[in-house]
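Residue numbers (this note's numbering): 4 to 133.
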């Protein structure tokens, strides 16, 4: 379900742009929340991101919507991740999300848990919809 790529060429060969991207947020910590979820500063297709191919979106939503139910949308509302929008998860949410992962053990959760442990060195993370 989860993919990572060393190069953009490798990603393109696996499905082009038909992915959900789970990306570290590297914007400064004091940035207002409304700017974090606005999207103007976002650089897609980073090599340290995790990707979910379009073919796996239904399974990802079924397995992970209970885990990622606390993201901030670009309209500043919160809820289950938007498959077509920007979802921001603050650093304070990383531990509770990790606890849910380890408790519920959804499909391929180990890969996501390992990636999330690195998110603590960043200003949270994003899930970018397709």
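Glycine included, C-beta positions come from ideal geometry on N, C-alpha and C. Predicted, not measured: the structure shown is a model, and the values here were computed from it.
Cβ shell of residue i (< 7 Å), same chain only, five flanking positions each side left out
{"i": "residue 26", "result": "49, 52, 128, 129 and 131"}
{"i": "residue 85", "result": "76 and 132"}
{"i": "residue 81", "result": "73, 74 and 75"}
Exposed unless 16 or more other CB atoms sit within 10 angstroms - verdict on residue i
{"i": "residue 69", "result": "exposed"}
{"i": "residue 105", "result": "exposed"}
{"i": "residue 74", "result": "buried"}
{"i": "residue 90", "result": "buried"}
{"i": "residue 4", "result": "buried"}
{"i": "residue 39", "result": "buried"}
6 Å CB neighbourhood of residue i in its chain, flanking five on each side removed
{"i": "residue 83", "result": "68 and 72"}
{"i": "residue 35", "result": "none"}
{"i": "residue 103", "result": "70"}
{"i": "residue 112", "result": "104"}
{"i": "residue 6", "result": "54"}
Distance between residue j and residue i (C-alpha atoms, nearest Å)
{"i": "residue 110", "j": "residue 55", "result": "12 Å"}
{"i": "residue 57", "j": "residue 23", "result": "7 Å"}
{"i": "residue 41", "j": "residue 107", "result": "31 Å"}
{"i": "residue 66", "j": "residue 60", "result": "10 Å"}
Same chain, Cβ closer than 8 Å to residue i, neighbours up to 5 away in sequence not counted
{"i": "residue 8", "result": "14, 17, 50 and 54"}
{"i": "residue 31", "result": "126"}
{"i": "residue 63", "result": "4, 23 and 55"}
{"i": "residue 44", "result": "30 and 38"}
Cβ distance (whole Å) where residue i is taken to contact residue j below 8 Å
{"i": "residue 37", "j": "residue 79", "result": "6 Å"}
Practice item. Mind the definition here: the stretch 118-128 touches the stretch 13-24 only if three or more C-beta pairs lie below 8 Å; say whether that holds. Key: no
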